[in-house]
Amino acid sequence: MRSMLKASIAALATAATLAGGAIAGSHQLSGDLKIFLDTSNPAPRATMEAAIAMFQEAHPDLNIETTVIDREAYKTQIRNFLTANAPDVNTWYAANRMRPYVEAGLFEDVSDLWMEPEIAENLASTKGAMTIDGKQWGVPYTYYQWGVYYRKDIYEELGLSEPANWDEFKANCQAIVDSGRACFTIGTKFLWTAGGWFDYLNMRTNGFDFHMDLAAGNVSWEDDRVKQTFANWRELIDMGAFIDNHQTYSWQEALPFMVGGEAAGYLMGNFAVAPLREGGLTDDQLDFYQFPPINPDVELAEDAPTDTFHIPVNAVNKDNAREFLRFMVSADVQTMINNGQNLGQLPVHAQASVDDDKFLNQGFAMLSSNSPGGVAQFWDRDAPAEMAKVSMEGFQEFMVKPDNLDRILAKLERARERIYK
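Put into structure tokens, the structure is as follows:
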């Protein structure tokens, strides 16, 4: 691990002249810059510290003070430090995860940065996730794709191709079921995996804006449009699309069904690729496709959880902070921090480049150009924690007992009326 981190820092330092060139050629900063990070795991920490060192090299007269806080501790401390002892820059997450701090007046409006062509044109895929009340409250530095990972060899055996629409998706599924397999593995023991299915089915049925309105508590769970999402879901449940007893498995425990060929696909984030490869699947056997359209009248939106930088309202050195945000969203810096030696995820900047990995390349192309409908943050980030918990319990129950839908939706509607009051 130590040698890998040294290599990461060396790779970032080598790029300093490239990535720092743009800002080094601009006005030199002086004064102070205080940065709080939640990137406490070894590789993310080394990556961020190396990037900050590059910024320091471009601005030698700037006094930078960096504080790294354990990720779980950070979640409990953030409101206090934003209120009482605010840094100039802090890490956090997009969409509903930033909403409490926006509504409390603790995050700075950085819409001015989003009017600059470099940011407006190249970070457009995440603008919706950074927007509340028509204003932008931070900038993204990394995200990763969700979609359908599937057994290409099984599809070829059955004469199937990647589905272009909902009818083809269901027809593929029926053929897979008829061959004695499940279409999809899933482990819903920890609930959030069912949230991923709800995200995609609801965004494909009703669109991104409706999905966000539901997450924000503005739509009844007994609305006919919500019921249509569940009707689409039930078509898959009724045909036997999912493995049996999925409520007893974690997401990792559901992987062997795909590795062993008992299931042909997995709706999951890109973090599933490494364990699928470790399980013995080759890239010739494994492939990826974007969840297909259901309602042709809505644009395709994706789940792509996004990590972000913000400027606290109580920051002292806001000009320096804005310059740091510009640096962290530049193409060269995002290329470097997201490469396989560092974060191993996707840069948000559309002109950045990604490691030569089949799935990262597919995800980058999808999110940069094929997702005009918006980028969601995943149900348990987009909905308030209490609503996310009770609704995901409902999703899991529905997958096991779909006849309980009316009772489930009534329960979720009562929860909505109480939680968002």
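Numbering (the working numbering), first residue to last: 204 to 624.
The C-beta atom is built at its ideal place from N, Cα and C for all residues, glycine as well.
{"Check": "Cα-Cα separation, GLU596 to PRO303", "Outcome": "24 Å"}
{"Check": "N-terminal and C-terminal residue of the beta strand (DSSP E) that LYS624 is part of", "Outcome": "Counting along the chain, LYS624 falls outside any beta strand (DSSP E), and DSSP gives it neither H nor E."}
{"Check": "Given TYR352 as reference, the closest of LYS624, GLU268, MET442 and TYR492 once Cα atoms are compared", "Outcome": "TYR492"}
{"Check": "Simplified DSSP assignment, three categories, for THR242", "Outcome": "coil"}
{"Check": "Between the CA atoms of ILE255 and ASP560 - distance to the nearest angstrom", "Outcome": "27 Å"}
{"Check": "Buried or exposed by the 16-neighbour rule on C-beta atoms within 10 Å, applied to TYR452", "Outcome": "buried"}
{"Check": "Continuous beta strand (DSSP E) stretch holding ARG354: start and end", "Outcome": "349–354"}
{"Check": "Which of helix, strand or coil DSSP assigns to ASN175", "Outcome": "Within the shown structure, residues of the chain are numbered from 204 to 624, placing residue 175 beyond reach of any answer."}
{"Check": "Cβ neighbours of ILE335 in the same chain (closer than 7 Å, five flanking residues each side left out)", "Outcome": "ARG302 and VAL305"}
{"Check": "Beta strand (DSSP E) segment containing TRP295, residue limits", "Outcome": "292–296"}
{"Check": "Straight-line gap, MET531 to ASP427 (C-alpha atoms, nearest Å)", "Outcome": "43 Å"}
{"Check": "Distance, ALA261 Cα to GLY228 Cα", "Outcome": "For GLY228, the predicted structure reports a pLDDT of 43, less than 50, and the residue's modelled location is therefore unreliable. A value from the coordinates is still provided. Between GLY228 and ALA261, the C-alpha separation is close to 8 Å."}
{"Check": "Identified DSSP bridge partners for THR509", "Outcome": "TYR346"}
{"Check": "N-terminal and C-terminal residue of the beta strand (DSSP E) that GLU311 is part of", "Outcome": "Per DSSP, GLU311 belongs to no beta strand (DSSP E) and is neither H nor E."}
{"Check": "Selection from GLN544, GLN431, MET442 and GLY331 that minimises the alpha carbon distance to LEU608", "Outcome": "GLN431"}
{"Check": "Every unbroken alpha helix (DSSP H) within the stretch 386–423, with a cutoff of 4 residues, ordered by chain", "Outcome": "395–409 and 411–418"}
{"Check": "Within 8 Å, strictly: CB atoms of GLY566 and GLN339", "Outcome": "no"}
{"Check": "TRP295 beta carbon less than 8 Å from that of HIS513", "Outcome": "yes"}
{"Check": "Neighbour-count burial assignment, PHE393, 16 or more Cβ in a 10 Å radius", "Outcome": "exposed"}
{"Check": "Limits of the beta strand (DSSP E) - the one that PHE491 falls within", "Outcome": "489–492"}
{"Check": "Environment of LYS448 [buried if 16+ CB atoms lie within 10 Å]", "Outcome": "Sequence inspection shows Asn at residue 448; the Lys mentioned does not correspond to that position. Exposed, because fewer than 16 other Cβ atoms sit within 10 Å of the Cβ of ASN448."}
{"Check": "Bounding residues of the alpha helix (DSSP H) (the contiguous stretch that carries LEU439)", "Outcome": "427–441"}
{"Check": "Contact under 8 Å by Cβ, ASP235 with ASN520", "Outcome": "yes"}
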